[in-house]
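Have a look at the structure below before the remarks.
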Amino acid sequence: MRTHERVLAQIEENLRTGAWALGERLPGERALAEQMGVSRPSVREAVRVLEAMGIVRTAVGSGPEAGATVVDRPAAGLGAAVRLHIASGTLPVRDVVATRAALETWAVGQAAARFEPETDLTEAHQLLKEMDEPEVSAAQFVHLDQQFHLGLVQLGGNQLVEAILTGMRSVVGSYVTAGAERLPSWATTAVRLCSEHRAILDAVERGEAQAAEKLAHDHIWGFYEETGLASE
Numbered sequence: 089m090r091t092h093e094r095v096l097a098q099i100e101e102n103l104r105t106g107a108w109a110l111g112e113r114l115p116g117e118r119a120l121a122e123q124m125g126v127s128r129p130s131v132r133e134a135v136r137v138l139e140a141m142g143i144v145r146t147a148v149g150s151g152p153e154a155g156a157t158v159v160d161r162p163a164a165g166l167g168a169a170v171r172l173h174i175a176s177g178t179l180p181v182r183d184v185v186a187t188r189a190a191l192e193t194w195a196v197g198q199a200a201a202r203f204e205p206e207t208d209l210t211e212a213h214q215l216l217k218e219m220d221e222p223e224v225s226a227a228q229f230v231h232l233d234q235q236f237h238l239g240l241v242q243l244g245g246n247q248l249v250e251a252i253l254t255g256m257r258s259v260v261g262s263y264v265t266a267g268a269e270r271l272p273s274w275a276t277t278a279v280r281l282c283s284e285h286r287a288i289l290d291a292v293e294r295g296e297a298q299a300a301e302k303l304a305h306d307h308i309w310g311f312y313e314e315t316g317l318a319s320e
């Protein structure tokens, strides 16, 4: 095990045992190096890895915000890892779609099962209204679409699933955008997608979990198949 990996293992243990809590600033680089009996460059490298993983946030200076602080950004690390693996060709787009479909379908079903009359869906309805506007470009539509989908996932109540799908957001956006550019008539597809969004949201509001799951599944896979990306 390399030195910075030993530092990571010790930091992980401190987080697991609660020695360091969310929002707490870690000891300074010099102090950590002395505590762990390693060099400052090894500590620096470990902290950089933790920042990339969304575990800490670093800031320079000497004020209360300086140094490394434990934060809760799991989506950052997950998203970066997925993006890099796809860019390297190790993760096929179809696997991304399958993972998204499996997790999001389940989450939407949970959102329907957990739905209460007082649940606020104002934002979801507003997003549908904005996607309906004829002057919305494909890029704007994809952005609104992602907000809508992640809002439903959040209603599912599973923080890990939410973090994974939030982390995959840019990857999903990339394949959706690429797919939209292949379509003979984006406007026609956009109208259909909006109709499907409404059907999914209606099922959630009615508390019909199975219907919501099927609609979400068909919606995600239907677009993927329509774009022709499935044949690659």
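Under our numbering, the first residue of the sequence shown carries the number 89, and numbering increases by one thereafter. Think of the CB as a built atom: it goes at the ideal place given N, C-alpha and C, for glycine as much as any other residue. Please read all numbers here as calculations on a predicted model, not as lab measurements.
Residue range V144 to A147 is occupied by the beta strand (DSSP E) that includes T146. At a Cβ-Cβ threshold of 7 Å, V137 and A200 do not count as neighbours. Secondary structure note for A212: it is in no beta strand (DSSP E), and the uninterrupted alpha helix (DSSP H) holding it is T210 to D220. If you draw a straight line from the Cα of R161 to the Cα of L96, it is about 17 Å long. G295 carries a coil assignment under DSSP once its states are collapsed to helix, strand and coil.
In this structure, L114 keeps its C-beta atom at 7 Å or more from the C-beta atom of V131. For the options L191, C282, A169 and M124, the alpha carbon positioned closest to that of Q214 is the one of C282. In the DSSP assignment, A226 falls within the unbroken alpha helix (DSSP H) covering A226 to L243. With a cutoff of 7 Å on beta-carbon distance, V184 and V259 are scored as near each other. For G155, there is no enclosing alpha helix (DSSP H); the residue is part of the beta strand (DSSP E) that begins and ends at G155 to V158. DSSP places R270 in the coil class of the three-state scheme, outside both helix and strand. Residue pairing from DSSP places R113 in a beta bridge opposite T157.
The continuous alpha helix (DSSP H) containing E133 extends over residues R128 to A140. Contact annotation: L253 and L191 have beta-carbon atoms nearer than 7 Å. Secondary structure at E204: coil, using DSSP grouped into helix, strand and coil.
About 22 Å separates the beta carbon of E133 from that of H173, a gap too long to meet the 8 Å contact definition.
The three-state secondary structure of E223, taken from DSSP, is coil. Taken atom to atom, the span from the alpha-carbon of R280 to that of L232 is near 15 Å.
Taking every protein chain shown into account, the CB of Q234 has 16 or more other CB atoms within 10 angstroms, so this residue is buried. Of the other Cβ atoms in all chains shown, fewer than 16 fall within 10 Å of the Cβ of L110; this residue is therefore exposed.
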